Amino acid sequence: MVLADLLAEDHNHEHDHSAHDHSSHRAVVDVMLKRSILDPQGRAVEGTLKRLGHTNLEGVRIGKRIELSVTGTRAEAEQLLAEVGESVLSNPVMEEFTVEFLE
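Going by our numbering, the residue at position 83 of the sequence shown is 437; the numbering climbs one at a time, nothing skipped.
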(Lines of atoms letter the chains of each structure in order from A and count residues from 1; the text may use other names and numbers.)
(Lines give C-alpha, C1' and ligand atoms only; values in the text may rest on other atoms or scores of the structure.)
Protein backbone atom coordinates (compact mmCIF):
# COMPACT_ATOMS: atom_id res chain seq x y z
CA MET A 1 0.00 0.00 0.00
CA VAL A 2 1.43 3.42 -0.88
CA LEU A 3 1.38 6.56 1.25
CA ALA A 4 -1.47 8.12 -0.76
CA ASP A 5 -3.63 5.02 -0.19
CA LEU A 6 -2.95 5.06 3.55
CA LEU A 7 -3.75 8.76 3.79
CA ALA A 8 -6.94 8.34 1.75
CA GLU A 9 -7.97 5.35 3.86
CA ASP A 10 -7.49 7.33 7.05
CA HIS A 11 -9.37 10.32 5.60
CA ASN A 12 -12.31 8.15 4.51
CA HIS A 13 -12.90 6.67 7.97
CA GLU A 14 -15.93 8.11 9.74
CA HIS A 15 -14.82 10.17 12.74
CA ASP A 16 -17.15 11.62 15.35
CA HIS A 17 -15.15 14.77 16.12
CA SER A 18 -16.21 18.37 16.05
CA ALA A 19 -14.63 20.63 13.43
CA HIS A 20 -12.33 22.29 15.97
CA ASP A 21 -10.71 18.94 16.81
CA HIS A 22 -9.36 18.62 13.26
CA SER A 23 -6.52 20.77 12.09
CA SER A 24 -3.52 20.48 9.84
CA HIS A 25 -0.29 19.37 11.49
CA ARG A 26 3.05 19.97 9.72
CA ALA A 27 5.51 17.22 10.48
CA VAL A 28 8.94 15.97 9.51
CA VAL A 29 9.82 12.30 9.33
CA ASP A 30 13.57 11.65 9.45
CA VAL A 31 14.69 8.21 8.27
CA MET A 32 18.20 6.94 9.03
CA LEU A 33 20.01 3.64 8.73
CA LYS A 34 20.21 1.82 12.04
CA ARG A 35 23.54 2.32 13.81
CA SER A 36 24.29 -1.38 13.33
CA ILE A 37 24.06 -1.00 9.51
CA LEU A 38 27.09 0.29 7.62
CA ASP A 39 26.45 3.60 5.84
CA PRO A 40 28.61 3.53 2.68
CA GLN A 41 27.25 6.86 1.44
CA GLY A 42 28.07 8.51 4.77
CA ARG A 43 31.56 7.00 4.75
CA ALA A 44 32.16 8.25 1.19
CA VAL A 45 31.08 11.79 2.10
CA GLU A 46 33.21 11.70 5.25
CA GLY A 47 36.22 10.57 3.20
CA THR A 48 35.73 13.42 0.74
CA LEU A 49 35.40 15.95 3.56
CA LYS A 50 38.64 14.71 5.13
CA ARG A 51 40.44 14.88 1.77
CA LEU A 52 39.26 18.49 1.47
CA GLY A 53 40.92 19.27 4.80
CA HIS A 54 37.89 19.04 7.09
CA THR A 55 39.59 16.60 9.44
CA ASN A 56 37.50 17.69 12.43
CA LEU A 57 34.28 16.25 10.90
CA GLU A 58 33.46 12.61 11.57
CA GLY A 59 30.55 10.23 12.03
CA VAL A 60 28.80 11.35 8.84
CA ARG A 61 25.51 9.53 8.27
CA ILE A 62 23.18 10.06 5.32
CA GLY A 63 19.41 9.76 5.63
CA LYS A 64 16.23 11.18 4.20
CA ARG A 65 13.80 13.83 5.41
CA ILE A 66 10.11 13.79 4.51
CA GLU A 67 7.98 16.88 5.21
CA LEU A 68 4.19 16.58 5.13
CA SER A 69 0.90 17.83 6.52
CA VAL A 70 -1.65 15.61 8.27
CA THR A 71 -5.25 16.63 8.86
CA GLY A 72 -6.96 15.40 12.00
CA THR A 73 -6.40 15.53 15.72
CA ARG A 74 -2.86 15.48 17.05
CA ALA A 75 -3.37 11.91 18.31
CA GLU A 76 -4.64 10.78 14.88
CA ALA A 77 -1.67 12.48 13.20
CA GLU A 78 0.78 10.76 15.55
CA GLN A 79 -0.82 7.36 14.94
CA LEU A 80 -0.94 7.77 11.16
CA LEU A 81 2.68 8.93 10.95
CA ALA A 82 3.82 6.01 13.10
CA GLU A 83 1.99 3.62 10.76
CA VAL A 84 3.26 5.10 7.48
CA GLY A 85 6.72 5.68 8.94
CA GLU A 86 7.08 1.97 9.56
CA SER A 87 5.16 0.60 6.55
CA VAL A 88 5.99 3.04 3.74
CA LEU A 89 8.62 5.65 4.57
CA SER A 90 11.24 3.36 6.08
CA ASN A 91 12.49 -0.20 5.86
CA PRO A 92 12.23 -1.37 9.50
CA VAL A 93 14.83 -4.09 8.93
CA MET A 94 17.53 -1.53 8.11
CA GLU A 95 16.18 1.89 9.06
CA GLU A 96 14.66 3.74 11.96
CA PHE A 97 12.60 6.91 11.85
CA THR A 98 11.60 9.80 14.05
CA VAL A 99 8.62 12.13 13.76
CA GLU A 100 8.78 15.80 14.71
CA PHE A 101 5.80 18.16 14.59
CA LEU A 102 6.61 21.67 13.38
CA GLU A 103 4.13 23.61 15.52
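C-beta atoms are modelled at their ideal positions from N, C-alpha and C, and glycine is treated no differently.
Model, not experiment: these values are computed from the prediction.
I need the DSSP call for Thr-427, collapsed to helix, strand or coil. The three-state reading of DSSP puts Thr-427 in coil, since its state is none of H, G, I, E or B.
Between the CA atoms of Arg-389 and Ala-431 - distance to the nearest angstrom: 27 Å
Residues of its chain near Ser-378, where Cβ-Cβ distance is below 6 Å and the 5 sequence neighbours each way are ignored: Ser-423 and Thr-425
Same chain, Cβ closer than 8 Å to Gln-332, neighbours up to 5 away in sequence not counted: Residue numbering for the chain in the displayed model covers 355 to 457; residue 332 lies beyond these limits and cannot be assessed.
Quick one: residues in its chain with C-beta nearer than 7 Å to the C-beta of Leu-309, no 5 flanking neighbours on either side, listed in chain order? Outside the shown range of the chain, which is 355 to 457, sits residue 309, and nothing can be said about it.
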